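Letter by letter, the sequence shown follows residues -27 to -1, 1 to 473 in mature numbering (1 follows the signal peptide of the UniProt record, and there is no 0).
Idealized CB from N, CA, C, for every residue including glycine.
In this text the structure is predicted, and so the values were computed from the model without any measurement.
The structure appears below as structure tokens.
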Amino acid sequence: MRKQMTITKFTSMFALLLMLVGCDDFLDVNDNPNDPPISTPSLTLPVAQQSLANLNATTMTYLGNFLAYNWATPSNWSANADFSRYNVTSNFFSTVFETSYVDIFKNLTYIQHFEDASGAVDYTTYKAIALVLKAYQYQYLVDLYGDIPYTEANQRGENTTPVYDDAETVYKANIAALTTAVEMFQNLPENAEDPGTQDIIFHGDVTLWTQFANTIKLRMLVRLSNLGQDSYINEQIALIEQNGVGFIDMTVSANPGYSDNENKQSPFFGYFRLPSTGEESDRGDFTVASDFTIDYLLDTNDERISRLYAESASNGDFKGVEQSTILPGSGFTSNDLSKVGPGLLVSADQDQPIMLLEESLLLQAEAIVRGYLSGDDTMAKELYNAAISESFSRLGVEDPLNSAAAYYSQPIENVLWDASPNKIEAIITQKWVALNGTSSIELWIEKTRTGFPTGLPVPAESNGTRPVRLLYPASEIARNTNNVPQQTVQDAFTKPPFWN
């Protein structure tokens, strides 16, 4: 992997703070071993965290929402044609791969290798956080690309052409890394520095970090459910139970101090709204609801529709459209259709979710159904209903708990737990609704893993098959030619992740 090798100098702490809250900047620490480093873990951590939050809030959520058929494009825009045609190439959303290595992993690796020369300050907390965040992002790279650089990655200038490691090996190495991180959190040295507010996710709370590590691990273990590896999964679940901390009981979010200024908006909000004025960006105008999702929400009497989508400007109703580049010119413009809703676009300073509580609850419900976590059908049902209630609350539905209860009490399959013969289908269908617009890359991945929700359309202009992976970026092929696995365009549709 070619690494940028530059020395970034800051003339004042003010300049550094501007960089920390900027959505497009990242810290490029000194690569020269003969020159003292100009950063520390306390300065590097928030940059890595913001980079991860930004990538997942924008590029990965946009990709996931289109491939899960929640969003579409109106007739008065030519944007997003690659989605309507499933034109997956080596340039299709390549920033997922590139930003992970050049930005996120680079800064997290710097933290892991940093040592205080005086020995007075211990950075174990920072290093454990780095392990958790790396596992979070490596999981997604394996889910989306398969084999990736791991053992030889992140070596800065020492190795610019790392080998590719087996996808399952990388997955399990990061599951082990999460176990190590938890052990580090629970056995911190007395002089371990508390990150405090430099940690823009949990403000240094190691209990919350442990819960997050456990939840990422549970997500990865549930991903393996199709492989016949229940023995391994149960061993790893036992390790989670042994640490006694449990799973997240709140949405995991980042916020370094987002504000309504240029390059300082909350990433998702800034994707669709201009700073200061709050007016729509072009993306805000050319991103609209799909017909399938609108119909599903209406058919199931789901009040979240008014929070996930805005009423159309022309008719004041909720209207979606198929994913297509050849829509009729009349009745399907951006003014005729529902755009991204107020429950998602709250304010320029809104927290940026990294993992929703709803996802954690639904993961636990699935793990119980599959026999990985202890519990019976009643407990799984309680988690399922709690996830729906949390979704109603987070999105700002009026009287959320009663509204949610009215919703999940309807005798509709995949809404009412007791009316759903396939509990996994019910769980994944509700995840598809709850994660619409937030952490939405999960929806495409879960569709690949489970086949749910059923009936999800495939664009008429595509080849008739939904992609199951991304292709390695052209930039990576050019600089690491001898190591990048050979691929064809068809591989994006025929070679799913190892866990499928």
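Next on the checklist: So LEU336 and VAL225 are supposed to be a Cβ contact under 8 Å. How far apart are they, rounded?
Outcome noted: Position 363 of the sequence shown holds residue 336. Position 252 of the sequence shown holds residue 225. In fact, because the Cβ distance is near 13 Å, the residues do not count as touching under 8 Å.
Checklist entry - THR421 to SER63, Cα distance in whole Å? => result For the purposes of this step, residue 421 is taken as the residue at position 448 of the sequence shown. For the purposes of this step, residue 63 is taken as the residue at position 90 of the sequence shown. Between THR421 and SER63, the C-alpha separation is close to 20 Å.
Checklist entry - DSSP state of SER24, grouped into three classes? => result Against the sequence shown, residue 24 aligns to sequence position 51. Looking at SER24 - three-state DSSP - the assignment turns out to be helix.
Checklist entry - Does DSSP put VAL225 in a helix, in a strand, or in coil? => result Reading the sequence shown from its first residue, position 252 is the one you call residue 225. In this structure, VAL225 counts as strand in the three-state DSSP scheme.
Checklist entry - In or out: ALA451 buried (at least 16 other Cβ within 10 Å) or exposed? => result Residue mapping note: residue 451 aligns to position 478 of the sequence shown, counting from 1. The residue in question, ALA451, is exposed, as its Cβ has fewer than 16 Cβ neighbours within 10 Å.
Item to check | Cβ shell of LEU317 (< 6 Å), same chain only, five flanking positions each side left out | outcome: Along the sequence shown, read from residue 1 onward, the residue named residue 317 stands at position 344. So the list reads GLY410, once near-sequence residues are dropped.
Item to check | TYR118 versus ASN288: straight-line alpha-carbon distance, rounded | outcome: In the sequence shown, counting from the first residue as 1, residue 118 sits at position 145. In the sequence shown, counting from the first residue as 1, residue 288 sits at position 315. Each residue's Cα considered, the two are about 42 Å apart.
Checklist entry - For LEU300, which residues of its own chain have a beta-carbon under 7 Å away from its beta-carbon, when the five flanking residues on both sides are left out? => result Counting from 1 along the sequence shown, the entry for residue 300 is found at position 327. Excluding residues within five positions, the ones whose Cβ falls inside 7 Å are SER48, VAL294.
Next on the checklist: Let's test the definition: count the other Cβ atoms within 10 Å of the Cβ of PRO440 and tell me whether it reaches 16, buried, or not, exposed.
Outcome noted: For this step, residue 440 is matched to residue 467 along the sequence shown. PRO440 is buried by the Cβ-count criterion.
Checklist entry - By the 10 Å Cβ neighbour count, where 16 or more other Cβ atoms means buried, how is VAL61 classified, buried or exposed? => result Here residue 61 refers to the residue found at position 88 of the sequence shown. Buried is the call here.
Item to check | Residue range of the beta strand (DSSP E) that includes residue 496 | outcome: Outside the displayed range of the chain (-27 to 473) lies residue 496, so it cannot be described from this structure.
Checklist entry - Looking at TRP472 and ALA41, is the spacing between their C-beta atoms short of 8 Å? => result For this step, residue 41 is matched to residue 68 along the sequence shown. For this step, residue 472 is matched to residue 499 along the sequence shown. No, the pair does not count as a contact, with Cβ atoms beyond the cut-off.
Next on the checklist: I'd like to know if the stretch 336 to 354 and the stretch 225 to 242 are in contact, where contact means that at least 3 CB-CB pairs between them fall below 8 Å.
Outcome noted: no
Checklist entry - How should GLY201 be labelled, buried or exposed, when 16 other C-beta atoms within 10 angstroms of its C-beta is the threshold for buried? => result Stepping through the sequence shown from its first residue, residue 201 is reached at position 228. Exposed, since its Cβ has fewer than 16 Cβ neighbours within 10 Å.
Checklist entry - Just how far apart, CA to CA, sit LEU25 and ILE77? => result Counting from one through the sequence shown, the residue named residue 25 turns up at place 52. Counting from one through the sequence shown, the residue named residue 77 turns up at place 104. Approximately 6 Å between the Cα atoms of the pair.
Next on the checklist: Does ASP4 come out as helix, strand or coil in the three-state DSSP assignment?
Outcome noted: Stepping through the sequence shown from its first residue, residue 4 is reached at position 31. Since pLDDT at ASP4 reaches only 40, below the 50 mark, its modelled position is unreliable, and the value read off the structure follows with that caveat. Here ASP4 sits in coil by DSSP.
Item to check | C-alpha gap between ILE327 and SER412, whole angstroms | outcome: As a working mapping, residue 327 is identified with position 354 in the sequence shown. As a working mapping, residue 412 is identified with position 439 in the sequence shown. If I take the Cα positions, the gap works out to 7 Å.
Item to check | Residue range of the unbroken alpha helix (DSSP H) whose run includes SER364 | outcome: Taking the first residue of the sequence shown as position 1, residue 364 is located at position 391. SER364 -> alpha helix (DSSP H) spans 350 to 368.
Checklist entry - For LEU330 versus GLU371, is the C-beta spacing smaller than 8 Å? => result By 1-based counting over the sequence shown, the position of residue 330 is 357. By 1-based counting over the sequence shown, the position of residue 371 is 398. No, the pair does not count as a contact, with Cβ atoms beyond the cut-off.
Checklist entry - Looking only at DSSP bridge pairs, what is SER263 linked to? => result By 1-based counting over the sequence shown, the position of residue 263 is 290. Its beta-bridge partners are VAL294.
Checklist entry - Where does ALA378 sit, in a helix, a strand or coil, going by DSSP? => result Taking the first residue of the sequence shown as position 1, residue 378 is located at position 405. Residue state, collapsed to three classes: helix.
Checklist entry - Considering only the beta carbon of each residue, do ASN455 and THR134 sit closer than 8 Å? => result As a working mapping, residue 455 is identified with position 482 in the sequence shown. As a working mapping, residue 134 is identified with position 161 in the sequence shown. A contact, by the Cβ cut-off of 8 Å.
Item to check | PRO469 to TRP417 span [Cα, whole Å] | outcome: Reading the sequence shown from its first residue, position 496 is the one you call residue 469. Reading the sequence shown from its first residue, position 444 is the one you call residue 417. C-alpha separation (whole angstroms): 12 Å.
Checklist entry - Nearest CA to the CA of VAL261: which residue from SER307, ASN274, SER254? => result Here the question's residue 261 lines up with position 288 in the sequence shown. When each option's Cα is compared against that of VAL261, the closest is SER307.
Next on the checklist: Give me, in chain order, the residues of the same chain whose beta-carbon lies closer than 7 Å to that of HIS176; leave out the 5 immediate sequence neighbours on both sides.
Outcome noted: As a first step, residue 176 must be located in the sequence shown, where it is residue number 203. Closer than 7 Å at Cβ, skipping near neighbours: GLY169, THR170.
Next on the checklist: To the nearest angstrom, how far is the alpha carbon of GLN463 from that of ALA54?
Outcome noted: Taking the first residue of the sequence shown as position 1, residue 463 is located at position 490. Taking the first residue of the sequence shown as position 1, residue 54 is located at position 81. About 18 Å.
Item to check | Beta-carbon gap between GLN128 and ALA103 smaller than 8 Å | outcome: The residue given as residue 128 occupies position 155 in the sequence shown. The residue given as residue 103 occupies position 130 in the sequence shown. Not in contact: GLN128 and ALA103 (Cβ atoms no closer than 8 Å).
Checklist entry - Between which two residues does the alpha helix (DSSP H) harbouring HIS86 extend? => result Indexing the sequence shown from 1 puts residue 86 at position 113. Where HIS86 is concerned, the enclosing alpha helix (DSSP H) stretches over 79 to 86.
Item to check | Residues sharing a beta bridge with TRP44, DSSP | outcome: What you label residue 44 is simply residue 71 of the sequence shown in a count that begins at 1. Answer is ALA262.
Checklist entry - Below 8 Å, can you find three or more Cβ-Cβ pairs linking the stretch 11 to 23 to the stretch 259 to 278? => result no
Checklist entry - CA-CA distance, LEU310 and PHE241? => result In the sequence shown, the residue the question calls residue 310 occupies position 337. In the sequence shown, the residue the question calls residue 241 occupies position 268. Cα-Cα distance, rounded: 20 Å.
Next on the checklist: So for ALA286, helix, strand or coil by DSSP?
Outcome noted: Here the question's residue 286 lines up with position 313 in the sequence shown. ALA286: coil per DSSP, three-state reduction.
Next on the checklist: Taking 6 Å as the limit between beta carbons, can you name the residues of its chain near ASN29, skipping five residues before and five after?
Outcome noted: If you number the sequence shown from 1, residue 29 lands on position 56. Excluding positions up to five away in sequence, the list is empty.
Checklist entry - Under a three-way DSSP split, which group does TYR113 fall into? => result Within the sequence shown, numbered from 1, the residue matching residue 113 stands at position 140. Residue state, collapsed to three classes: helix.
Checklist entry - Shortest alpha-carbon distance to ASN164 belongs to which of TRP44, ALA211, TYR96, GLU208? => result To locate residue 164, count along the sequence shown from 1; it is residue 191. Answer by Cα proximity: TYR96.
Checklist entry - In the structure shown, what three-state DSSP assignment does ASP172 receive? => result By one-based count along the sequence shown, residue 172 stands at place 199. It is coil, neither helix nor strand.
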